[in-house]
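A quick write-up on the structure given underneath.
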C-alpha cells in the first residue's frame with residue numbers, strides 16, 4: 328500500500344514525529360524513529376523479532392495549551408507495532424509565554440476538521456494532536472496509550488486516521504478521565520475533542536467522534552436549566568473507545584459479541600458501575616466498543632479482561648454460574664481432607680499420594696474438553712475431591728520424617744514452593760495460550776490439557792521417588808530409623824498425641840481452613856470493585872476474631888501446661904511412688920500404657936506454644 332506520508336522527510340517541525348517499521352527478513356526494524364520537542368519516542372528491545380515497541384512520551388509529562396503534536400507512522404507487511412505511553416497524557420491550560428517553541432503556525436492541519444463553534448484564538452490556545460497511520464498487508468498496529476487527563480480549563484483536540492491494506496489488523500484504545508479528582512477537578516476542563524477514522528483500501532469503514540465542552544445548551548431546549556459538563560456526564564468519571572479490525576482480532580471480536588448478547592437490562596443496577604456498547608463496522612471485519620465507568624480502574628480492568636481470551640464465553644456460562652463453579656470446589660475439599668490422612672496411613676504415602684496426583688491430573692485435563700455448565704460443575708467437584716488429600720497428606724508426611732524443631736522450616740519451604748510454582752505457571756499459561764484455535768480449542772483449554780497431562784506424568788514418577796515412612800525407608804540404616812521415629816508435627820500435630828488422631832486433626836485444620844476459599848469467592852464481588860469494602864470488612868473481622876481466639880487459646884494451653892508441671896494430671900502408675908498421682912486420672916501398669924491410652928491428655932504431654 329502506498330504510504331500517505333511524504334518520504335523522505337528532510338526536516339521534522341516542532342512537535343513532529345516519524346515512525347517507520349520495516350520488515351527485514353523475519354525481523355521488524357525501526358528504519359525511522361525521530362521526534363522533536365515536546366514529543367519524545369523511546370523504543371526498548373522486545374523478545375519477539377517481528378514486534379516493535381515504542382513509547383510515546385512528552386517532556387515534562389504533559390502537553391500545554393498551544394502545543395501541536397503531529398505524528399506519522401508506517402507499519403510494513405508482516406510486522407507488528409505496539410505504541411504505548413508511560414502514564415496518562417496530562418493536558419494543561421494555555422499559559423502565555425510557556426513552551427513557545429512548540430507553536431509553529433497559528434493554524435494546525437487539524438483545525439479544518441474541528442467543529443466550527445470555536446474561534447481561531449481558542450484554537451491557538453488549545454492543545455492539538457494529529458496522528459496518521461499507514462498499515463501494510465498482514466501488518467498490525469496496537470495503539471494502547473494510558474488515558475488522557477485534562478486539567479482545569481485545558482482544551483484538547485485530537486485526530487487519529489488509520490489507513491489499512493486488506494489484511495492488516497488494528498487495535499486502538501482512546502480514552503479519557505474526568506481530571507484530577509484528588510484536587511477537586513472533575514470534568515473541569517473547557518474542551519475535549521477526539522476523532523478516529525479507519526480507512527481500508529481507500530474506503531472509510533469507521534469513524535468515531537467524541538466532543539465534550541462547556542457550551543450550555545441550545546435554543547431548542549429553552550425550558551431546561553443550564554447544565555455544565557459534569558452534570559451531563561455524571562455519574563461516570565472515565566470514558567473509553569476501542570476499535571478492533573482485521574484477522575488477528577476476529578476471535579476476540581466473536582468473544583465480545585457473545586458477551587454482549589448475554590447482557591440483560593434486568594441484571595444492571597441504576598446507575599451501573601460501568602456500561603458498555605458494541606457496534607460493528609460497515610466492513611463486517613471490525614467492531615467499536617464504547618465504555619463508561621465510575622472509576623478509571625474499573626474500566627481498565629474490564630478492558631484488560633475483555634480483550635484477552637475468555638473462559639466464560641467459550642463454554643457459555645454466566646457470571647452467577649461461574650461463581651457457583653468457583654465455590655463448589657471447596658466443600659468436597661474441606662469434607663474429605665480429615666479422612667484422607669487415614670488412607671495415607673493405611674495405603675502408604677507412595678501409593679496414596681501418587682493416586683491423588685494421577686486423579687488430579689486427569690481431572691485437570693478434563694477441564695480442557697468441557698463444553699457446558701454441567702461439565703464445569705462436575706470437574707470442579709472432582710478436582711476438590713482429589714486435591715483435598717494433597718496438602719494435609721504432605722504436611723503429615725513431612726511430620727513423619729522431621730523433629731518438632733525441624734518442622735517449621737520444611738513446611739514453610741513446601742508452602743512457598745506453591746507460590747513459586749504459581750508465578751512460573753502464569754508464564755507457561757501465557758505461552759500455551761498462543762495455541763488458541765489449534766484443534767478447534769481455545770487457548771485456555773490447552774492450558775488445562777497440557778498442564779493436566781504433565782501432572783499425570785509426574786504421578787508415575789512419584790510412586791518410585793516417594794519413600795514411605797522411616798521404618799521402611801530402604802536408604803536408612805536401622806540406627807537411622809530409630810532416630811527418625813521421633814515424629815511430631817509443628818503446632819497442631821505437636822498438640823495432638825497419636826498418629827491417627829494427629830492425621831485427622833491435621834486434615835480438619837487444613838480442610839476447614841480451605842473453606843475460606845468458598846467464602847472469598849462470594850464476598851469479593853465484581854460489583855464492589857475497586858475498593859471491595861464488603862470483602863475487606865469481613866476479612867478484617869475474621870482476622871480480629873482469629874487474633875482474640877489465638878490469645879485466649881494460648882493462655883488456656885499455658886495454664887494447662889502449668890497444671891501438669893504441678894502434677895495435677897498425674898496418673899497412678901504401678902510401682903512408682905508419686906504423691907501427686909490421683910485415681911481420677913487413671914491407673915496403669917506402666918508409663919507407656921498411660922501414654923497410649925490417654926494420648927494428649929497424658930500427664931507427660933506438653934502443648935507447644
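Residue numbers (our numbering): 328 to 936.
From the three backbone atoms N, C-alpha and C, an ideal C-beta is built for every residue, glycine too.
Of the listed residues 725, 455, 671 and 773, nearest to residue 697 (C-alpha basis): 773
The segment 901 to 909 in contact with the segment 874 to 892 per 3-pair CB rule at 8 Å: no
Proximity of residue 378 and residue 408 at Cβ, strictly below 9 Å: yes
Which residues DSSP lists as bridging residue 571, in chain order: 498 and 614
Straight-line Cα distance separating residue 716 from residue 785: 17 Å
Cβ-based neighbour list, residue 677, same chain, cut-off 6 Å, excluding 5 preceding and 5 following: 790, 793 and 795
Alpha-carbon spacing of residue 916 relative to residue 927, whole angstroms: 18 Å
Cα-Cα separation between residue 822 and residue 778, rounded to whole angstroms: At residue 822, the pLDDT of 45 sits below 50, so the modelled position is not reliable and the matter cannot be decided from this model.
Residue environment, residue 562, which counts as buried when at least 16 other CB atoms sit within 10 Å: exposed
According to DSSP, residues forming a beta bridge with residue 914: 899
Residue burial classification, residue 416 (beta-carbon count within 10 angstroms, cutoff 16): buried
Rounded separation between residue 770 and residue 707 - CA only: 19 Å
Residue nearest to residue 394 in terms of C-alpha spacing, selected from 420, 406, 404 and 372: 420
With 16 other Cβ atoms within 10 Å as the buried cut-off, status of residue 485: buried
Residue 514 (DSSP reduced to helix, strand or coil): coil
Nearest neighbour of residue 348, chosen from 476, 404 and 850 [CA to CA]: 404
Exposed unless 16 or more other CB atoms sit within 10 angstroms - verdict on residue 906: exposed
Nearest-angstrom Cα separation, counted from residue 459 out to residue 398: 6 Å
Backbone CA spacing between residue 531 and residue 487 [nearest angstrom]: 13 Å
Own chain, CB closer than 7 Å to residue 713, minus 5 neighbours either side, in chain order: 683, 686, 687 and 690
Cβ shell of residue 679 (< 6 Å), same chain only, five flanking positions each side left out: 670 and 671
Residue 589 in three-state terms, based on DSSP: coil
Contained alpha helix (DSSP H) runs [length at least 4] in the segment 860 to 905, N- to C-terminal order: 860 to 892
For residue 933, three-class secondary structure by DSSP: coil
Residues that residue 791 bridges to, as DSSP identifies them: Per DSSP, none; premise fails for residue 791.
Residue 362 versus residue 693 - alpha carbon distance: 53 Å
Residue 826, DSSP secondary structure in three states: Caution applies to residue 826, whose pLDDT of 49 falls short of 50 and renders its modelled position unreliable; the value that the coordinates give is listed next. Looking at residue 826 - three-state DSSP - the assignment turns out to be helix.
Supposed contact pair residue 366 and residue 382 - C-beta distance, whole angstroms, cut 8 Å: Wrong, their Cβ atoms sit about 11 Å apart, outside the cutoff.
Best match in 609, 765, 600 and 655 for proximity to residue 627 [C-alpha to C-alpha]: 600
Inter-residue Cα distance where the pair is residue 521 and residue 456: 9 Å
Length-filtered (4 minimum) alpha helix (DSSP H) runs lying within the segment 678 to 715: 700 to 714
Check whether residue 479 and residue 516 have beta carbons under 9 Å apart: yes
Local Cβ density within 10 Å of residue 701, reported as buried at 16 or more and exposed below that: exposed
Per-residue DSSP class, three states only, for residue 772: helix
Spatially closest choice to residue 719 from 666, 766, 919 and 755, by CA coordinates: 666
CA-to-CA distance, residue 623 to residue 938, given in whole angstroms: Limits of the chain in this structure are 328 at one end and 936 at the other, which puts residue 938 out of reach.
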